[in-house]
Every structure is written in structure tokens, then in C-alpha cells.
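Peer 1: Following this message is one structure expressed as C-alpha cells.
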Amino acid sequence: MTDRVLVVVPTFNEVENLEAILDRLHASVPEAHALVVDDGSPDGTGELAEKLAAADDRVHVLRRTAKLGLGRAYVAGFAWGRERGYDVLVEMDADGSHAPEQLPDLLAALGTADLALGSRYVPGGAVTDWPAHRLLLSRMGNRYTRWALRLPLSDATGGYRAARAELIDRLPFGDVASQGYCFQVDWAWRAVRAGATVVEVPITFTERAFGRSKMSGWIVREALVRVTVWGLRDRLADWLPGRVRRPVPARAGRREAEQHE
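Written as C-alpha cells, this is what we have:
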């Protein structure tokens, strides 16, 4: 039986990008379904999503009345998908920075993995159209995250990933501390700590052509503070066992992070 794949696409003011990204998705993986999770976009993204869903039964819409954040959008999308029996859940940006043409590579990696992370920083991965300072910030942030959390991943902050439903069911998303972009680090760390088999699949990340990036200085600061605090608490738990609680518990099982090429 073929796995049922649901691609969760959070949106806020993506009316210029949405239709094109869904067309590319279905050209690449025709059997995949898409769930657009719109956070009350004032530019008409939600209305466009409803129109596209009415014309294509592979497109679904979850509309929310306020901008509640990327993490909550994905958690809501995962819950929606699991309630309807999807076997694979995918995260994908609506702005075209995650190429739908590379989704088959992520799905193929799930043949031997629980979680496939699209990685910009493994051999074969790349970033295009970013200014040098932003690329440097991303690379340094990932290196710091790898060191602080002892997380064996080259790109823990990337948001293009596919997971088996069994892993989604095992992870306590209600406990995920960050609902912003640091959400990606949080749940990748939880997956590794839970003994999941995690592979990194090389992708090419392309800067959006239309609309404005949601990245901000506040998002960067939140990630830096959270990762630092998590790392310190995790080390304190080593030094003071039984007295300091780990931010993410280590569980029995395999802890694997591999590169899939």
C-alpha cells in the first residue's frame, strides 16, 4: 500500500506564491495532499487557498483567525493529518524556498528513516540568493546549535522535512517550548533524543522571489537564548543527576543522524 503523504504549508501573506508552489508540488508528487494552514492573512491568501481547494481534492485548508506562529501552525497541521490517517507528514514553506522537486528525495529517505531533514549544509546541499551575512549567520547558528545541544546534525534549523506518522505520534509536541522558528531545532532534538533514525538529505534552498521574509532579529535572539538555556540545563543534568531535569529527556533506543546522499 502506498503511503498517504500530507504536505503542511503554513501561510501568512503568501498570495503571490501559493498557487505556484502547489502546482509544483503536484507536478513533482501527484499523489501528495497539501494542507494550507493560514494565519488570518490580510492579503487574501486564505481565500485563494479555499478557491484552490474547491478545484482540487488534494488541497485542504485550515484557517485560523490570528497569527499564532510557525510552530503552532505545524502542530495543528500534524494533528489534522493524523486525525485523517496520513502516513507521512511533510513541512514545506509556501514561498518557494523549498523546492517541491526535491520532495521525492525526502520521501525516498523515509524507506530507512523516521525523519528526513532537508539539509543545506551536507555535501550536495546549497543556498542561493542569500547575502553573505545571512548565510554566515545561518551556518554559525547551526554550528552553535550542534555544539550546545550535542546534536549530530548539520542543519537543525531547516524547515523542509518529512516524518513518518509513527514518529509524530511519539513526540510530545505539546511540550515543545518554542512556537517560532526555533521550533525546528526543538523537535529535531526531541527526535534524536527519542532514538529516531534521522537522515539529512541535501537540498538547495532558494530565497523567495515574492513577498517579505518572516525572519527578524527577534527570531534570531529567541533561538540563541533558547538553545543556550537548553544546552546549559542539559549539561547541568549531567553534573547534577537527579537534581536538574533535562529539557529534553534521553530515551532508550537508537540515536542516529546520518547523511543521505
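Take 1 as the starting number for the sequence shown in full-length UniProt numbering and just add one per residue.
Backbone N, C-alpha and C define an ideal beta-carbon position, used for all residues, glycine too.
Computed from a prediction, not measured in an experiment: that's the story for all the values here.
Give every residue of the same chain whose Cβ lies closer than 8 Å to the Cβ of residue 264, excluding the five residues on either side of it in the sequence, and list them in chain order.
Peer 2: Only positions 1 to 261 of the chain appear in this structure, which leaves residue 264 out of reach.
Peer 1: Tell me whether the beta-carbon of Ala66 lies closer than 8 Å to the beta-carbon of Ile203.
Peer 2: No; because the gap between Cβ atoms is not below 8 Å, this pair is not in contact.
Peer 1: Using only the alpha-carbon positions, how far apart do Asp105 and Leu52 sit?
Peer 2: The straight-line gap from Cα to Cα measures roughly 26 Å.
Peer 1: Secondary structure at Leu240, three-state DSSP: helix, strand or coil?
Peer 2: Note: Leu240 maps to coil in three-state DSSP.
Peer 1: Out of Ala113, His26, Leu62, Ile21, which one is the CA nearest neighbour of Gly40?
Peer 2: Comparing Cα positions, the closest option is Leu62.
Peer 1: Contact between the stretch 165–178 and the stretch 135–144 is defined here as three or more beta-carbon pairs at a separation below 8 Å; is this criterion met?
Peer 2: Too few Cβ pairs lie closer than 8 Å, so no.
Peer 1: How big is the Cα-Cα spacing for Pro113 and Gln102?
Peer 2: Here residue 113 turns out to be Ala, not Pro, going by the sequence shown. The straight-line gap from Cα to Cα measures roughly 17 Å.
Peer 1: Determine which residues share a DSSP beta bridge with Ala116 and list them.
Peer 2: Looking at the DSSP assignment, Ala116 forms a beta bridge with Ala162, Val199.
Peer 1: Between which two residues does the beta strand (DSSP E) containing Val61 stretch?
Peer 2: That run of the beta strand (DSSP E) goes 59–64.
Peer 1: Taking DSSP as the reference, what is the three-state secondary structure of Ala34?
Peer 2: Ala34 falls in the strand class under three-state DSSP.
Peer 1: Is it true that the CB of Ala223 sits closer than 8 Å to the CB of Val198?
Peer 2: No, they are not a contact pair.
Peer 1: Counting only C-beta atoms, is Asp169 closer than 8 Å to chain B at any point?
Peer 2: The structure shown has no chain B; it contains just one protein chain.
Peer 1: For Asn142 and Thr228, I'd like the C-alpha separation in whole angstroms.
Peer 2: Taking the straight line joining both Cα atoms gives about 12 Å.
Peer 1: Alpha carbon to alpha carbon, what distance is there between Ile168 and Val176?
Peer 2: Rounded to whole angstroms, Val176 to Ile168 spans 12 Å at the Cα level.
Peer 1: Apart from the five residues just before and just after Leu22, which ones in its own chain have a Cβ nearer than 7 Å to its Cβ?
Peer 2: So the list reads Ala34, Leu52, Val59, once near-sequence residues are dropped.
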